């Protein structure tokens with residue numbers, strides 16, 4: 015786990031939620047959620063893109079063990095990662111959008127650069 019944020023969930027639920035959110039983020043390229051979740055998702059998504067840049071069998075299997083859908087792994091390895099071949103990291107951007115109306119939680123947009 016990149017950070018120490020518990021996000022109000024037990025370990026197994028937190029890992030499952032983060033895996034699913036990283037998968038959805040890499041599939042869509044953009045996600046709106048709370049700032050704390052964005053700060054947890056961004057390093058994991060960047061690691062998956064870095065694995066895609068290596069493009070070896072071992073890196074593909076490592077990505078498949080974390081990302082929940084095989085078509086998203088194929089997309090990362092064939093489309094997303096080659097676009098960042100010249101970049102040495104920093105594939106994501108977090109932009110704060112203001113408080114949520116219901117509970118006042120700080121929202122942010124996480125997107126690929």
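In my numbering, the protein residues as written are 15 to 127. Just so it is clear, CB atoms sit at the ideal spot from N, CA and C, and this is done for glycine as well. Given the structure is predicted, the values throughout are model-derived calculations rather than measurements.
Output yes or no for whether 8 Å exceeds the beta carbon distance between residue 106 and residue 126. Translated into the one-based positions of the chain shown, residue 106 becomes position 92. Translated into the one-based positions of the chain shown, residue 126 becomes position 112. Cβ atoms of residue 106 and residue 126: closer than 8 Å.
Measure the CB-CB distance between residue 108 and residue 56 and report whether it falls below 8 Å. Here residue 108 refers to the residue found at position 94 of the chain shown. Here residue 56 refers to the residue found at position 42 of the chain shown. Yes, these two residues count as a Cβ contact at 8 Å.
Rounded separation between residue 80 and residue 34 - CA only: Position 66 of the chain shown, counting from 1, holds the residue named residue 80. Position 20 of the chain shown, counting from 1, holds the residue named residue 34. For residue 80 and residue 34, the distance between alpha carbons rounds to 9 Å.
Taking just the CA atoms, how far does residue 119 sit from residue 78? As a working mapping, residue 78 is identified with position 64 in the chain shown. As a working mapping, residue 119 is identified with position 105 in the chain shown. In a straight line, the C-alpha of residue 78 is about 32 Å away from that of residue 119.
Is the segment 33-49 touching the segment 87-94, taking contact as three or more C-beta pairs under 8 Å? yes
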